[in-house]
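Colleague: The working numbering puts the sequence shown at residues 1 to 521.
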Amino acid sequence: MYETPFSGVAYLEAAFSPIYNEKEEISGYIIQMVNVTREREYQIALEKSEIRYRSFVENIQGLAFQSGLEWNLDFFHGVVEEITGYTEDEFVAGGITWNQVVHPEDLYIIMDVAERLVREPNFIDDREYRIIMKNGETRWIHEIVKNVCDESGHPFKIIGTMIDITEKRNALIKLRESEEQLRNLTEQSSDGIILADQSGIVVTWNRKIEEITGINSADEIGQPIWDAYVNIANPELLSDEFIRQTQEYTQRMLETGKSGESDDEGILEIFRPDGTTRKVHGAPFPIKTEKGHMLASFIRDVTDYELMRSDVERQKDELSKFAHNIAHDLRASIQPIVGYADLLQEKYNPSWAMEISQTAKRMSNLLDQTLVLADAGRIVGEPVEVDPRELLEEVVKIAVPENVSFKHDEPPLIKCDRQKIFQVFQNLIVNAIDHGKANAIEMSIKKDRTGISIFLSNNGRLIPKEHRPRIFDHGFSTKQGGGLGLSITKRIVEAHGWTIDLMESEKTTFRITIPNSSIVE
1 MYETPFSGVA YLEAAFSPIY NEKEEISGYI IQMVNVTRER EYQIALEKSE IRYRSFVENI
61 QGLAFQSGLE WNLDFFHGVV EEITGYTEDE FVAGGITWNQ VVHPEDLYII MDVAERLVRE
121 PNFIDDREYR IIMKNGETRW IHEIVKNVCD ESGHPFKIIG TMIDITEKRN ALIKLRESEE
181 QLRNLTEQSS DGIILADQSG IVVTWNRKIE EITGINSADE IGQPIWDAYV NIANPELLSD
241 EFIRQTQEYT QRMLETGKSG ESDDEGILEI FRPDGTTRKV HGAPFPIKTE KGHMLASFIR
301 DVTDYELMRS DVERQKDELS KFAHNIAHDL RASIQPIVGY ADLLQEKYNP SWAMEISQTA
361 KRMSNLLDQT LVLADAGRIV GEPVEVDPRE LLEEVVKIAV PENVSFKHDE PPLIKCDRQK
421 IFQVFQNLIV NAIDHGKANA IEMSIKKDRT GISIFLSNNG RLIPKEHRPR IFDHGFSTKQ
481 GGGLGLSITK RIVEAHGWTI DLMESEKTTF RITIPNSSIV E
């Protein structure tokens, strides 16, 4: 090294060769000098770089290494044992190689990169793969590796860093699984779901909302949510002012996280592209996130429910009107019966007149109850504990002539509307006598694990096969058929949660099935 007057310090390499005279004595030297300043400066810079790199790796939370092109480690520093289970010395001394640590299924990842590090100048790679710790546990590693080239541009060193990303990767997998579960839940939901991000852009438009609105998700995802609301609004309401208010309303929810004062929640009518409409229930609401607020809408299609509700209301009105009309006409007939019964009681057998009077009053009470229930939209009243045997005895007393025999099993106590079930038994027995011309009626009971079945059989004329499918239809009547009152009978039975059907048998047999919930234990 010497100092030049122009360029400062220079580094020289000198080679001395002696010169011999005729006496073979050294008479001088030949000195060959080469300026190696550039090479020396590069070496000093490299040494400084290695010092800085070593200082970095000594404090790293992962692993750092340096090796030659043959992968003989110069050093392997960091939390080596915590991540691999092996010590630094075991790696540096060659007792364990990195290829032995890498998971067998991931070896291909590092083999290809290893060849390129040796072959391609300034090559750098960033990859993730698995390793197997000394105790057999699998860990995930994120590695950044590169080669270092000499002044001629040829690789001569390999350096790299590694960090353990197992926990991060597991958390990411759980997050993806959670997102997939949420996605599946959203797609399988029976409600329409719309979700917009913090900017108000639609990110979810599930299958059900496609079905409800008739608009494909591809047409809405990526678009502002206020446009989606406008697309299903009543076309007659669309105006610049309506669109502006819709946008301001949704943007205000995104900014404030408050739904605001709106009367939108409830039953709304949406308009589909094909011109049809649907009734829906739902309203947008904000969802707080770390980045602000998202906007969600759960939309439930209630079109069928609303139609059914309207139909029920209409039927209730019709039932009430019908019941009041019938009651008016029947009362006009009942009042003279009661009057004549009072006269008979004074002049003739009091017991006969009393039976007539009680029957008329019972009919009047039934009418009163029916009117109350009709006005309330119900067929039957609150169930009470009833002994069917007592009901049958009352029916027999007023409806079965002396020339008709009646036998019955001992039924259990049941919970029902007493007046209405009295009407059921009366209708079935009267039909058997008046229309079937039966002279023997029998009631039998069959029990099973679900409840009981009551069989009412008679030896009268069988109901013709062509009439059987229609005997419970409203308004159906025939002189020889199932007769009057069977449609009402069926409605009363089913209103209790029971069933009634006509059995295929040698005798005319009706079966009433009563579940355990209506039986008194």
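Every residue gets a Cβ at the ideal spot worked out from N, C-alpha and C, and that includes glycine.
What are the start and end residues of each continuous beta strand (DSSP E) run of 3 or more residues lying completely inside the region 133-181, in chain order?
Modeller: Listed in chain order, they are 138-149, 155-164.
Colleague: Counting only runs that start and end within the region 248-320, where is the beta strand (DSSP E) found for 3 or more residues in a row?
Modeller: Counting only runs of 3 or more, we get 267-271, 277-281, 284-289, 292-301.
Colleague: For Asn-403, which residues of its own chain have a beta-carbon under 8 Å away from its beta-carbon, when the five flanking residues on both sides are left out?
Modeller: Correct list, in chain order: Asn-439.
Colleague: Within a Cβ cutoff of 7 Å, which residues of the same chain sit near Asp-125, ignoring the five residues on either side of it in sequence?
Modeller: Val-113, Val-145.
Colleague: What do you reckon, is the C-beta of Gln-423 under 7 Å from a heavy atom of the ligand ZN?
Modeller: Of ligands this structure carries none, so the ligand ZN is not represented either.
Colleague: For Phe-510 and Arg-468, I'd like the C-alpha separation in whole angstroms.
Modeller: Those two C-alpha atoms are separated by around 12 Å.
Colleague: State the CB to CB distance for the pair Met-562 and Leu-63, rounded to an integer number of angstroms; the pair is presumed to be in contact (CB under 8 Å).
Modeller: Outside the shown range of the chain (1 to 521) lies residue 562, about which nothing can therefore be said.
Colleague: Does Ala-233 come out as helix, strand or coil in the three-state DSSP assignment?
Modeller: DSSP places Ala-233 in coil when its eight states are reduced to three.
Colleague: Which class does Met-354 belong to by DSSP, given the choice of helix, strand or coil?
Modeller: Correct three-state label for Met-354: helix.
Colleague: Any chance the region 80-87 sits against the region 169-187, with 3 or more Cβ pairs inside 8 Å?
Modeller: No: the two stretches stay apart, fewer than three of their Cβ pairs being nearer than 8 Å.
Colleague: Taking the C-alpha atoms as reference points, what is the distance between Glu-105 and Trp-71?
Modeller: One C-alpha to the other measures close to 21 Å.
Colleague: Taking just the CA atoms, how far does Ile-31 sit from Asp-74?
Modeller: Cα-Cα distance, rounded: 38 Å.
Colleague: Would you call Arg-278 buried or exposed, if buried means 16 or more other Cβ atoms sit within 10 Å of its Cβ?
Modeller: Result: buried.
Colleague: If you follow the beta strand (DSSP E) that Ser-405 is part of, which residue opens it and which one closes it?
Modeller: Segment 405-408, the beta strand (DSSP E) holding Ser-405.
Colleague: What number of angstroms, rounded off, separates the C-alpha of Pro-401 from the C-alpha of Val-312?
Modeller: For Pro-401 and Val-312, the distance between alpha carbons rounds to 41 Å.
Colleague: Can you look up Ser-199 in the DSSP assignment and give me helix, strand or coil?
Modeller: Reduced to three states, the DSSP call for Ser-199 is coil.
Colleague: Candidates Gly-282, His-154, Gln-181, Glu-248: which alpha carbon is nearest Ile-212's?
Modeller: The candidate whose alpha carbon is nearest that of Ile-212 is Gly-282.
Colleague: By how many angstroms is the C-alpha of Arg-309 removed from the C-alpha of Glu-506?
Modeller: Cα to Cα, Glu-506 sits roughly 43 Å from Arg-309.
Colleague: I'd like the list of long-range same chain contacts for Lys-407, defined as Cβ closer than 6 Å, with 5 residues on each side in sequence excluded.
Modeller: Correct list, in chain order: Glu-442.
Colleague: Measure the C-alpha to C-alpha separation of Ser-189 and Leu-237 and round it to an integer number of angstroms.
Modeller: Answer to the nearest angstrom: the Cα atoms are 30 Å apart.
Colleague: What is the DSSP secondary structure of Val-92, counted as helix, strand or coil?
Modeller: Here Val-92 sits in helix by DSSP.
Colleague: Evaluate the contact criterion for the region 212-226 versus the region 242-250: three or more CB pairs, one atom per stretch, below 8 Å.
Modeller: Segments in contact, yes.
Colleague: Under the rule that 16 or more other beta-carbon atoms within 10 Å means buried, what is Met-111, buried or exposed?
Modeller: Exposed is the call here.
Colleague: Ends of the alpha helix (DSSP H) at Asn-21?
Modeller: Run containing Asn-21: none; DSSP gives neither H nor E here.
Colleague: Starting from Ile-430, follow the alpha helix (DSSP H) in both directions and report where the run begins and ends.
Modeller: The sequence shown places Val at residue 430, not Ile. That run of the alpha helix (DSSP H) goes 418-434.
Colleague: Note down, in chain order, each residue of its chain lying with its Cβ closer than 8 Å to the Cβ of Thr-276, except the 5 sequence neighbours on either side.
Modeller: If we look at Thr-276 and ignore the five residues flanking it on each side, its Cβ neighbours are Gly-214.
Colleague: Hey, quick one: how far does the alpha helix (DSSP H) through Ala-114 stretch, first residue to last?
Modeller: Residues 107-119.
Colleague: By DSSP, does Lys-446 sit in helix, in strand, or in coil?
Modeller: Reduced to three states, the DSSP call for Lys-446 is strand.
Colleague: What residue from Pro-388, Ile-433, Lys-447 has the CA that sits closest to Thr-508's CA?
Modeller: Of Pro-388, Ile-433, Lys-447, the residue nearest in Cα terms is Ile-433.
Colleague: Between Ala-114 and chain C, is there a C-beta pair that is closer than 8 Å?
Modeller: In the structure shown, chain C does not exist; there is a single protein chain.
Colleague: Distance check for Ala-218 and Glu-115, CA to CA, integer angstroms please.
Modeller: Near 46 Å, if we compare the C-alpha coordinates of Ala-218 and Glu-115.
Colleague: With a Cβ-Cβ cutoff of 8 Å, do Leu-319 and Leu-254 count as a contact?
Modeller: No, they are not a contact pair.
Colleague: With DSSP as the reference, identify every bridge partner of Phe-455, one or two as the case may be.
Modeller: Note: Phe-455 sits in a beta bridge opposite Ser-444, Arg-511.
Colleague: Applying the criterion that 16 or more other CB atoms from any shown protein chain within 10 Å of the CB defines a buried residue, is Ala-196 buried or exposed?
Modeller: Answer is buried; the Cβ neighbour count reaches 16.
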